[in-house]
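Below you'll find the structure, written out as structure tokens, and then a few comments.
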Amino acid sequence: MHVEIIPQSWGKGNNYGYLLVDEPSRHAWLIDSAFPEDIEAYISEKRPNFELKAIVNTHHHWDHAGGNEHFHKKYPDLPIIAGKDSDLVTYTPSHQEVIDLGDQLSITALHTPCHTQDSICYYVKDSKTGQKGVFTGDTLFISGCGRFFEGTPSQMNSALNEILGKLPKETVTYPGHEYTKGNLKFSKTVLQNKSIDKLQDFLSQNSVTAGQFTIGDELEFNPFMRLSDPQVLKATAASGAVDVMAKLREMKNNA
């Protein structure tokens, strides 16, 4: 498994697009390619070797699905894999449906409604190398999560702690935006531990955090995935996972 991390709208939305490539076949998915000029400039410069098999969205927001029309015109025979609300979608996988890519990659669609009701995360396993990754859109960020635009605290708790949090700890995370600096600033107000310190050290020397951390890391430094941690309970003055989730999101929104 090879992942090309493609910065888009850098300095503005700090979006990530991704090119997921099965190495033996070079078959690839283009994920969240919202800004075609940035995607094509990256490909022109880096010239990765791939054969595109699908355009894929994690959810319908324009800064993730905004390139669908452009890429559909360029590759009219390719499917657009996404939730039901994405522009020009041709196929919506069911929850836990597995799609094969190339020779070694199996991709499981995980429905995680909350940020939007059509949010889907894509969990990838390489059968030969054992590599694992998950493309989380605006559901899970490094040390944070997306706003609850179309959903509830209960839904985000399910998405983060009952679905994504149950993935193998070595699963590498690929979020939709580079929001880590702001997320960590908030996380430090409700949680202190060695993993938080390590993330701070990494940020002091790096501007890109996508592909650098795992679900196991998130379980340590993401307060939205530590809803029973005594520090988080004290900071929120709430009890019960859903109420703690709701209070954390309220605090983060107002931070």
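For the sequence shown, position 121 (counting from the first letter as 1) is numbered 121 according to full-length UniProt numbering, and the numbering increases by one without interruption.
Every residue gets a Cβ at the ideal spot worked out from N, C-alpha and C, and that includes glycine.
Check	Outcome
Taking DSSP as the reference, what is the three-state secondary structure of K12?	coil
Could you tell me the alpha carbon to alpha carbon distance between E178 and G13, rounded to whole angstroms?	8 Å
Using the Cα positions of I215 and D77, report the straight-line distance between them to the nearest angstrom.	35 Å
Going by the beta-carbon positions, is the gap between H115 and D138 smaller than 8 Å?	yes
Less than 8 Å between the C-beta atoms of N57 and D38, yes or no?	no
With respect to the alpha helix (DSSP H) encompassing Y42, which residues constitute its N-terminal and C-terminal limits?	36-46
Are the beta-carbon atoms of Y18 and Y174 separated by less than 8 Å?	yes
When the distance is taken between beta carbons, is A65 closer than 8 Å to F50?	no
Can you tell me where the beta strand (DSSP E) holding I215 begins and where it ends?	No beta strand (DSSP E) holds I215; the alpha helix (DSSP H) holding it covers 215-221.
K185 lies in the alpha helix (DSSP H); which residues open and close that run?	180-190
Going by the CB atoms, is the gap between G67 and F35 shorter than 8 Å?	yes
Given a cut-off of 8 Å, decide if P24 and D126 are closer than it, judged by their beta-carbon atoms.	no
Consult DSSP for A159 and reduce its assignment to one of helix, strand or coil.	helix
Relative to the C-alpha of F213, which residue among K252, I6, K181, G133 is closest?	G133
Does the beta-carbon of G165 have 16 or more other beta-carbons within 10 angstroms, so that it is buried, or is it exposed?	buried
Answer with buried or exposed for E162, where buried requires no fewer than 16 other C-beta atoms within 10 angstroms of its C-beta.	exposed
Could you tell me if Y91 is buried or exposed, where buried requires 16 or more neighbouring beta carbons within 10 angstroms of its beta carbon?	exposed
Could you tell me which residues DSSP puts in a beta bridge with E150?	In DSSP, E150 forms no bridge with anything.
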